[in-house]
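Novice:
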Amino acid sequence: MPHMKDWNVPILLGTNTDEGTSFGTTGTDTDEECIEQLISSKRWVLNREQATKLLTFYPNDPALGCPYGWGNTTWPNLGLMYKRYESMAGDLTMVGPRRLLAQNMVKYRNEVYSYRWDVPALNTSSTIGVGHFAEIPFVFANPVQNITALGGDPARLELGNLAARMWTSFVVDLDPNGHNGMCLIIIEKLDIGRNLTYTVANIPQWPQYSQETSNFVFRLPKDGSYIETDTYRANGIDYINSIPR
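Residue numbers for the sequence shown, in the UniProt record's numbering: 1 to 245.
1) Using only CA atoms, which one of I128, Q37, Y113, S242 lies nearest to W75?
2) Round the Cβ separation of D153 and V217 to the nearest angstrom and send it over; I've been treating them as touching at under 8 Å.
3) Tell me the residue span of the alpha helix (DSSP H) that contains I39.
4) Which residues in the same chain as R29 place their Cβ atom closer than 8 Å to its Cβ, once the five residues preceding and following it in sequence are excluded?
5) Check each candidate in Q103, L38, A51, T15 and name the one with the smallest Cα separation from M94.
6) Would you kindly check if the distance between the Cβ of G96 and the Cβ of I237 is under 9 Å?
7) Taking C-alpha atoms, which residue in S214, Y239, Q145, F138 lies nearest to L220?
8) Using only the alpha-carbon positions, how far apart do Y108 and N8 sit?
9) Verify whether the separation of the beta carbon atoms of I203 and L162 is less than 9 Å.
10) What's the C-alpha gap between A51 and V144?
11) Which residues in the same chain have their Cβ closer than 6 Å to the Cβ of E33, if we skip the five residues on either side of it in sequence?
12) Got a sec? Which residues, its chain only, sit under 7 Å from T26 by beta carbon, not counting five neighbours each side?
13) Let me confirm a value: S214 is counted as buried when at least 16 other C-beta atoms fall within 10 Å, else exposed. Which label applies?
14) Let me know if Q211 comes out buried or exposed under the rule of 16 or more other beta-carbons within 10 Å of its beta-carbon.
15) Provide the residue span of the alpha helix (DSSP H) that contains S22, from first to last.
16) Going by Cα to Cα distance, which pick from I136, S242, P176, P67 is closest to S125?
17) For Q205, is the classification buried or exposed, using 16 other Cβ atoms within 10 angstroms of its Cβ as the cut-off for buried?
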């Protein structure tokens, strides 16, 4: 990544667990159909040799595919290799670039914070999982807007409170860990006219990427959030990031 030293600024960045369901396609049943889709997509640039090699890092094992965490569940109507292709698509478009940017930014700044969002948007079907944009309602923490609904579940409101505090803390202090001392709260106006406030407690420290090469994983409930090492699907993502862009 040329001229990275010119981007000498703190950064908070992240991706969602199932980015591929937002950037992939359906109807891939064979290796050849996967290759054809990979080389014809306008979202990235791959030649046949690169696409063929990429498949070797993403076996056609439903338990390893995207959306993740569904075991051997498949949706044949979406393609026999739906989960395989979505896994590659997510890593090509979002996860690979996010990891590459974090790895390069820490050469110039300590204040690099990476996350993985693992909470689906409301009314998400099982075939989508935690797709692109799922974290946005939480980060803005506005339960009364309905464009990207946050919902009224107290657990979701508490997680939104946490996310909003973390993002605000990063903007103010260049560190997302200053949330406990802030005055930011979420208020949900109930039909009966009362207001409820939600506070944040009992969450792990979000480490700098330069120290642990790790992600803060946002989960429900909020105290189910944890820190993970950012090494999942390492071979495939390393190959993706080795391809000239």
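Each residue gets a CB set at the ideal place from its N, CA and C atoms; glycine is no exception.
From a predicted model like this one, the values you see are computed outputs, not experimental measurements.
Specialist: The structure says:
1) As a working note, residue 75 is residue 75 in the sequence shown. The candidate whose alpha carbon is nearest that of W75 is I128.
2) Mapped onto the sequence shown, residue 153 falls at position 153. Mapped onto the sequence shown, residue 217 falls at position 217. Between V217 and D153 the Cβ distance is about 19 Å, and since that is not below 8 Å, they are no contact.
3) Sequence index remark: in the sequence shown, residue 39 carries index 39 (1-based). Here the alpha helix (DSSP H) through I39 covers 31–40.
4) For the purposes of this step, residue 29 is identified with residue 29 of the sequence shown, where counting begins at 1. The amino acid occupying residue 29 in the given sequence is Asp; Arg does not appear at that position. G79, L80, M81.
5) Reading the sequence shown from its first residue, position 94 is the one you call residue 94. The candidate whose alpha carbon is nearest that of M94 is T15.
6) Locating residue 237 in the sequence shown gives position 237, where the first residue counts as 1. Locating residue 96 in the sequence shown gives position 96, where the first residue counts as 1. Result yes, Cβ atoms of I237 and G96 sit closer than 9 Å.
7) Residue numbering aside, residue 220 sits at position 220 when the sequence shown is read from its first letter. Of the candidates S214, Y239, Q145, F138, the residue whose Cα lies closest to the Cα of L220 is F138.
8) One-based indexing of the sequence shown puts residue 108 at position 108. One-based indexing of the sequence shown puts residue 8 at position 8. When rounded, the distance between both Cα atoms is 6 Å.
9) For the purposes of this step, residue 203 is taken as residue 203 along the sequence shown, with counting starting at 1. For the purposes of this step, residue 162 is taken as residue 162 along the sequence shown, with counting starting at 1. Yes, these two residues count as a Cβ contact at 9 Å.
10) The count along the sequence shown starts at 1 and reaches residue 51 at position 51. The count along the sequence shown starts at 1 and reaches residue 144 at position 144. Taking the CA atoms as reference points, A51 sits about 45 Å from V144.
11) Sequence index remark: in the sequence shown, residue 33 carries index 33 (1-based). Sequence-distant partners of E33 (beyond 5 residues in either direction) whose C-beta falls short of 6 Å from its own C-beta are missing from its chain.
12) Here residue 26 corresponds to residue number 26 of the sequence shown, with the count starting at 1. Closer than 7 Å at the Cβ level, and outside the excluded window around T26, lie L78, G79, Y82.
13) Sequence index remark: in the sequence shown, residue 214 carries index 214 (1-based). By the Cβ-count criterion, S214 is buried, with 16 or more other Cβ atoms from all chains shown falling within 10 Å of its own Cβ.
14) In the sequence shown, the residue the question calls residue 211 occupies position 211. The residue is exposed, with fewer than 16 neighbouring Cβ atoms inside 10 Å.
15) Counted from its first residue, the sequence shown places residue 22 at position 22. Note, S22: alpha helix (DSSP H), 20–23.
16) For this step, residue 125 is matched to residue 125 along the sequence shown. The shortest C-alpha separation from S125 is found at P67.
17) Here residue 205 refers to the residue found at position 205 when the sequence shown is read from its first residue. Here Q205 is exposed, its C-beta having fewer than 16 other C-beta atoms within 10 Å.
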